[in-house]
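Structure record follows, encoded as structure tokens.
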Amino acid sequence: MKLKFASAVLAAAALVCAVPGAKAQTDYPNKPVKILVGYVPGGGPDMVARALGQKLTEILGQPFVVENRPGAGGSTVTAQVAKMAPDGYNLLLGETGQLVIAPFIFKNLPYDTLKDLTAVALVTTEPLLLVSNAKTPFRKLEDLMREAKVNPGKFNYGSSGVGTIHHISMEAFKADAGLDITHVPYKGSGQSVPGVLAGDVPLLITSFAAAGAHIRSGSLNLLAVTSPGRLPGFPAVPTIGETVKGYDFASEMGVLGPAGMPPAVVAKLAAAIKQASESPDFIAKFKDTATAITYKPPVEYTENLRANLRKFERAVKSAKIAAE
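With the numbering used here, you'll find the sequence shown wraps up at 359, consecutive numbering, no jumps.
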């Protein structure tokens, strides 16, 4: 009898202890939520985070506050988020560089993207652009490929740095297309775009945010885009994949949290992000950019990250980029 009574007491105690956790999940969020960004204010990740945070604040009724913590290409803040409490109150706006390139660029990276983070939702995808100085003979992609094959090693291209998605995606194109073009790394788009405009290098692979205004002004020729689909604003410009079968490189941004987040919290966040991504005012913020809203729920985003890790591992090895 005493044993039965003791068991009943323990069961009741366990139920009582479980209730606060369950209630916290159903009440989520009941205080402000941080969206941590590993880059400076004003850039692409910051823009996505702030647009998303504004909509999530409206949808979920608590402030979603963006906090910028730049450093090591976003890797510093990713490592910090991985060690935070998995309660949904510290989220990461992560992008391709820190999530699927950094593991193959940096030695002893203090996080594993799939093991130490919870994928909540993919939000956006942005292709890269292959552009040329308007004074060069490169007007179309076929011009570049023809001249590069006739004159191996003669031409250079710029990027925002060694090991960046700009560098890796161009090296993958070179390898697949059999081209010999020399890489000239710059320290970010703030240096690489002026470099190609000045004619220091004839070619550049970069983002629409960095090159869009110069393409519209005629200072740069847009030769091709790296995503599978053509840009809506430039339907005549081909994708590299139309020439190199299976080629697909783009910068993706999504929301993640520490590993072990409660499924109910993840589901609620993912549903709210989906609602936000479908709202006209959120979509309007990216109208004049190359950014596409490409929402994917947790399971699909996880598989997307897994596939991209495999793809970028092959690309980094092909480019012979040594881990730092």
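Glycine residues also receive a C-beta, built at the ideal position from the N, C-alpha and C atoms. The structure displayed is predicted, hence computed values, not measured ones.
Asked	Found
Burial state of T217 (16 or more Cβ within 10 Å)	exposed
Within 8 angstroms, strictly: CB atoms of T148 and V166	no
F269 in three-state terms, based on DSSP	coil
Neighbourhood of K346 by C-beta, 6 angstroms cutoff - its chain only, sequence neighbours within 5 removed	none
N- and C-terminal bounds of the beta strand (DSSP E) containing T329	A327 to K331
Continuous beta strand (DSSP E) stretch holding M288: start and end	A285 to P293
DSSP bridge partner residues for N168 (one or two, in chain order)	L255
Whether G109 touches Y74 by CB criterion (8 angstroms)	yes
Where T159 sits in the DSSP three-state scheme	strand
Cβ shell of K170 (< 8 angstroms), same chain only, five flanking positions each side left out	G234
For N343, the three-state DSSP class (helix, strand or coil)	helix
Neighbourhood of G56 by C-beta, 7 angstroms cutoff - its chain only, sequence neighbours within 5 removed	Because G56 carries a pLDDT of 48, less than 50, the predicted location of this residue cannot be relied on, and the following value inherits that uncertainty. Hits under 7 angstroms: none found.
According to DSSP, residues forming a beta bridge with E102	L71
Whether Y146 touches K69 by CB criterion (8 angstroms)	no
Assigned secondary structure, S242 (DSSP; H/G/I helix, E/B strand, else coil)	coil
Status (buried if at least 16 other CB within 10 Å, exposed otherwise) for R85	buried
Burial state of P368 (16 or more Cβ within 10 Å)	The question about residue 368 has no answer here: the residues shown for the chain are numbered 36 through 359.
I200 versus I308: straight-line alpha-carbon distance, rounded	26 angstroms
Proximity winner among P121, G247 and I275, relative to G268 (alpha-carbon distances)	G247
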